[in-house]
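Chains as they are written, first to last, in full-length UniProt numbering: chain Z, 1 to 203; chain H, 1 to 203; chain W, 1 to 203. Reviewing the structure listed below.
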C-alpha cells in the first residue's frame, strides 16, 4: 500500500467523521447519518470522476472507501460523545485529508489532460465538494463559501501542483510539496484564526 | 408491457404527484410545479445512470417517464385539492414505486458489475434521490435523512436482492421478493408509525 | 468568432455577475464569490453535457468560459458597488444570455438525437440550472421555481426551436427566432411585471 493511498484512507475517515457528526447534530436517524458521512467523504472524488467522464467513480471501483466511510459513520452514530474528546485530532486528520484529496484530484485531472483552470478546479472540488454537499443536505449555506481559509488552502496547493507539473521535478516530490502546502496553510489558519477578505457591503 | 414496467410507471406517477404537491404547497408557479414533480419522479434513476456511466439517462431514452411525470404534475397543479382525498391511496402507490425503483436500480447496478455496496447504494439511490432533490429544491432538510422507515426499507430490499442475486434463484423471483420486502416494510412502517433510532444528543 | 459565440460569452459574463453579486450579498469570502459566479455561469451547460454524456463538459474543453467567469467575479468582488449603477443593463445582458443558452442547449441536444422533451429540457436546463445551483448554495428556494416569467421564456424558445428544427428552415434562422423569442418574452416580463399563475392553496 503506497503512502499516498494510506493518507487517502485517513482523509476519507476524517471526512466521514465530520459528515456523520453533522448528521448527529441535526438529529438525523441512523441511515441519515450513514448517508451524510459517506457523501462527505466520497462526494468530492465522485463529482470529479463524473466531470472527467471516468465511470464508475473511484469509490465504486474500490469499495474500500465506502466501507471505511460507513464504518466510521456507524462508530460516530453510536459513540459520538467520545468524538468530542477528539475534536482537535480530527481537525489535523481533516487537514491531512484535505491535502491528500487536492493532490489526488489535481493529479488525476492532469492525467486526463485538463487545462490549467480545469486541473485546479478538480483539485479543489475533490477536497471540498463532499463538504458542500453535506451542508446543502443539512440545509445550510456551505461553510467553505462563507469563511475560513479552507478552500483557499486547496487553491494554493492545486495551483502549485499544476505549475510544478510542467517542470522536471519528480511527480512524487511535486505531490508532496503541494500536499504539504495545503496541510500547512490549513493548520496555520486554524491556529491563527485566519480568514479571507470579504467584500464590504454597506448594510 | 412487462409487469415490472407497469409497476415502474405507477411508481413514477406516484412520485411525480408527491413532488408536484410539494411545489403547490411551497407556492411555486406552474413551471416550478412541473420541474419539482418531474425531478422527484426521475431524479433517482437519472443520478444512478450518471454514476453507472449510462448515457443518456433512462428517461431521455424512453420519454414515457417524462410524459407521465409532466402529465401528473399538470393534473396536480390544476386539481390539487382533489388529491387530498387520495392521500392514503397515494401512500400505497408511493410504496409500490419505492419497491419497484429499488429492484430496478439494484438490478441495473448488478448488470453493470458494481460491487456489493455499489449495488445496494444504487438501489436505494434510485428510489430516494428524487425525493432528496425535491427537498433540497424546496429548501428543506431531506425528509428521508430525518425520519420514517423509508430509505431503511429500501436498504433491506436492496441488500436482499444483492444477496439473492448470487444464488440459483430465478431473477424474477429474486426481484419480486426484494420488491415485496420494501413495500411490506414501508406499509408496516406507515401503519405502526415506525422510526429508526436516533443518536442521543445531550441538549 | 461567430456571432453566437460572442453572445454566448456575453451571457456567460452576465450570469457570472449575477452569481457573484449573490455571493457578495450573502457575505461570502473571495473564494465563495468566485465559486458562486462561476457555477452560475457554467453550471447549466455543465449539467447538460453530463446528461448528454459529453465529457469533459464544454467549459473544461474551452476554458475561455472559466476565465471570463472568474474575471467578472473578481471584478464584482472588488467593485460591486459600481454594479448597482448597472442593474438595468445587467438585466438586458442576462436576457441575452438566457436566449443564447437556450438555443445552444437545445441545439446540442438535437445534435445528440434527444427526443422532444429531452431537447426542450436540455435547452431550459442550460439556461437555468446555473441559477438554481446559485440559489441552492445560497440556501434559498430557487428563484425560477417561485416566480417571474424566466424559465417560461426559456420553455417557449426551446419548444419553438425543437419544432422549427423539423422544418426546412435554415438552422441559423431557427436559432435566431428561438433566441429572440426568449429575449423578447423576458424583457416584456421584466417591463410588465408578468408572472405565471399559481395554484390556489386554501391558506
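Cβ atoms here follow ideal geometry from the backbone N, Cα and C, with glycine treated the same way. Values in this document were obtained by computation on a predicted structure and should not be read as measured data.
**Asked** What residues are listed by DSSP as bridge partners for residue 29 of chain H?
**Response** Answer is W:198, bridged to residue 29 of chain H.
**Asked** The alpha helix (DSSP H) spanning residue 176 of chain W covers which residue range?
**Response** Segment 171-192, the alpha helix (DSSP H) holding residue 176 of chain W.
**Item:** Endpoints, alpha helix (DSSP H) assigned at residue 122 of chain H
**Value:** Bounds of the alpha helix (DSSP H) holding residue 122 of chain H are 116-137.
**Request:** Please check if any C-beta of chain H sits within less than 7 Å of the C-beta of residue 60 of chain Z.
**Result:** Interface residue, yes.
**Item:** Identity of the residue in Z:174, Z:22, Z:167 nearest residue 84 of chain Z by Cα
**Value:** Residue 84 of chain Z has its Cα closest to that of Z:22, out of Z:174, Z:22, Z:167.
**Message:** Applying the 10 Å Cβ sphere with the 16-neighbour rule, what's the burial state of residue 192 of chain Z?
**Reply:** By the neighbour-count definition (other C-beta atoms within 10 Å, threshold 16), residue 192 of chain Z is an exposed residue.
**Message:** Between residue 141 of chain H and chain Z, is the shortest Cβ-Cβ distance under 7 Å, so that the two count as touching?
**Reply:** When Cβ-Cβ separations below 7 Å define contact, residue 141 of chain H makes contact with chain Z.
**Prompt:** In or out: residue 162 of chain Z buried (at least 16 other Cβ within 10 Å) or exposed?
**Reply:** By the neighbour-count criterion, in which 16 or more other beta carbons inside 10 Å mark a residue as buried, residue 162 of chain Z falls on the buried side.
**Request:** Tell me, to the nearest whole angstrom, how far the beta carbon of residue 36 of chain W is from that of residue 13 of chain W; I am working on the premise that it is less than 8 Å.
**Result:** About 15 Å separates the two Cβ atoms, so there is no contact after all.
**Request:** Measure from the alpha carbon of residue 48 of chain W to the alpha carbon of each residue in W:73, W:62, W:70, W:125, then state which is nearest.
**Result:** Selected option, being the one with the closest Cα: W:125.
**Asked** Counting only beta-carbon atoms, is residue 49 of chain W nearer than 7 Å to chain Z?
**Response** No, residue 49 of chain W does not count as interfacial toward chain Z.
**Message:** So residue 161 of chain Z contacts chain W; which residues on that side make the cut at Cβ distance below 9 Å?
**Reply:** Those do not exist, as residue 161 of chain Z stays about 17 Å from chain W at its closest Cβ, beyond 9 Å.
**residue 162 of chain W in three-state terms, based on DSSP** = The answer is helix: DSSP assigns residue 162 of chain W an H, G or I state.
**Message:** Using 8 Å for Cβ pairs, my map puts residue 18 of chain W next to residue 94 of chain W. What's the rounded Cβ distance?
**Reply:** Between residue 94 of chain W and residue 18 of chain W the Cβ distance is about 6 Å, and since that is below 8 Å, they are a contact.
**Whole-angstrom distance between residue 33 of chain H and residue 203 of chain W, CA atom to CA atom** = Any reading at residue 203 of chain W needs caution, since the residue's pLDDT is 43, under 50, leaving its predicted position unreliable; the model's value is listed next. C-alpha separation (whole angstroms): 18 Å.
**Request:** Under the assumption that residue 72 of chain H contacts residue 6 of chain H (Cβ atoms under 8 Å), give the Cβ distance between them as a whole number of angstroms.
**Result:** With 8 Å as the limit, residue 72 of chain H and residue 6 of chain H do not qualify as a contact, their Cβ atoms being about 16 Å apart.
**Asked** Under 7 Å between the Cβ atoms of residue 103 of chain H and residue 179 of chain H?
**Response** The answer is yes: Cβ separation under 7 Å.
**Prompt:** Span of the alpha helix (DSSP H) holding residue 69 of chain Z?
**Reply:** Residues 64-83.
**Asked** Got a sec: which bits of the stretch 19-46 of chain W sit with their beta carbon under 8 Å from any beta carbon on chain B, in order along the chain?
**Response** The chain inventory of the structure shown lacks chain B, comprising the protein chains Z, H and W.
**Prompt:** Under the three-state reduction of DSSP, which class applies to residue 3 of chain W: helix, strand or coil?
**Reply:** Three-state DSSP puts residue 3 of chain W in a helix.
**Prompt:** Is the shortest distance between the beta-carbon of residue 117 of chain Z and the beta-carbons of chain W less than 7 Å?
**Reply:** Closer than 7 Å to some Cβ of chain W, the Cβ of residue 117 of chain Z qualifies, so yes.
**Message:** Using beta carbons (cut-off 7 Å, strictly below), is residue 114 of chain W in contact with chain H?
**Reply:** Contacts with chain H at 7 Å (Cβ-Cβ) include residue 114 of chain W.
**Message:** Between Z:91, Z:9, Z:86, Z:98, which has its C-alpha nearest residue 63 of chain Z's C-alpha?
**Reply:** Out of Z:91, Z:9, Z:86, Z:98, Z:9 has the C-alpha closest to the C-alpha of residue 63 of chain Z.
**Request:** Tell me whether residue 53 of chain H sits in a helix, a strand or coil according to DSSP, three-state version.
**Result:** DSSP places residue 53 of chain H in coil when its eight states are reduced to three.
**Prompt:** Under the three-state reduction of DSSP, which class applies to residue 88 of chain H: helix, strand or coil?
**Reply:** Three-state result, residue 88 of chain H: helix.
**Prompt:** Between the C-alpha atoms of residue 150 of chain W and residue 65 of chain H, what's the straight-line distance to the nearest angstrom?
**Reply:** Within the model, the alpha-carbon separation for residue 150 of chain W versus residue 65 of chain H is close to 25 Å.
**Any chain Z beta carbon closer than 7 Å to residue 74 of chain W** = No, its Cβ sits nowhere closer than 7 Å to a Cβ of chain Z.
**Sequence-distant residues of its chain with Cβ nearer than 7 Å to residue 60 of chain Z (five each side left out)** = Close CB contacts of residue 60 of chain Z within its chain, under the 7 Å cut and outside five residues either way in sequence, are absent.
**Message:** With a threshold of 7 Å between beta-carbons, can residue 169 of chain Z be considered close to chain H, or not?
**Reply:** It does not: the Cβ of residue 169 of chain Z has no partner Cβ on chain H nearer than 7 Å.
**Request:** Please decide whether residue 55 of chain H counts as near chain W, where near means a Cβ-Cβ distance under 7 Å.
**Result:** Chain W has a Cβ within less than 7 Å of the Cβ of residue 55 of chain H.
**Message:** Quick check on the burial criterion: 16 or more other C-beta atoms within 10 angstroms. Buried or exposed for residue 56 of chain Z?
**Reply:** For residue 56 of chain Z, the number of other beta carbons within 10 angstroms of its own is at least 16, and it is reported as buried.
**Request:** Would you mind sorting residue 169 of chain W into buried or exposed? The rule is 16 or more other CB atoms within 10 Å of its CB.
**Result:** Its Cβ having fewer than 16 others within 10 Å, residue 169 of chain W is exposed.
**Request:** Tell me whether residue 88 of chain W is buried or exposed, calling it buried when 16 or more other Cβ atoms sit within 10 Å of its Cβ.
**Result:** The residue is exposed, with fewer than 16 neighbouring Cβ atoms inside 10 Å.
**Item:** Backbone secondary structure at residue 8 of chain W - three-state DSSP
**Value:** The answer is helix: DSSP assigns residue 8 of chain W an H, G or I state.
**Asked** Among residues of its own chain, excluding the 5 on either side of residue 127 of chain W, which ones have a beta-carbon nearer than 7 Å to its beta-carbon?
**Response** 44, 98, 101, 102, 105, 154.
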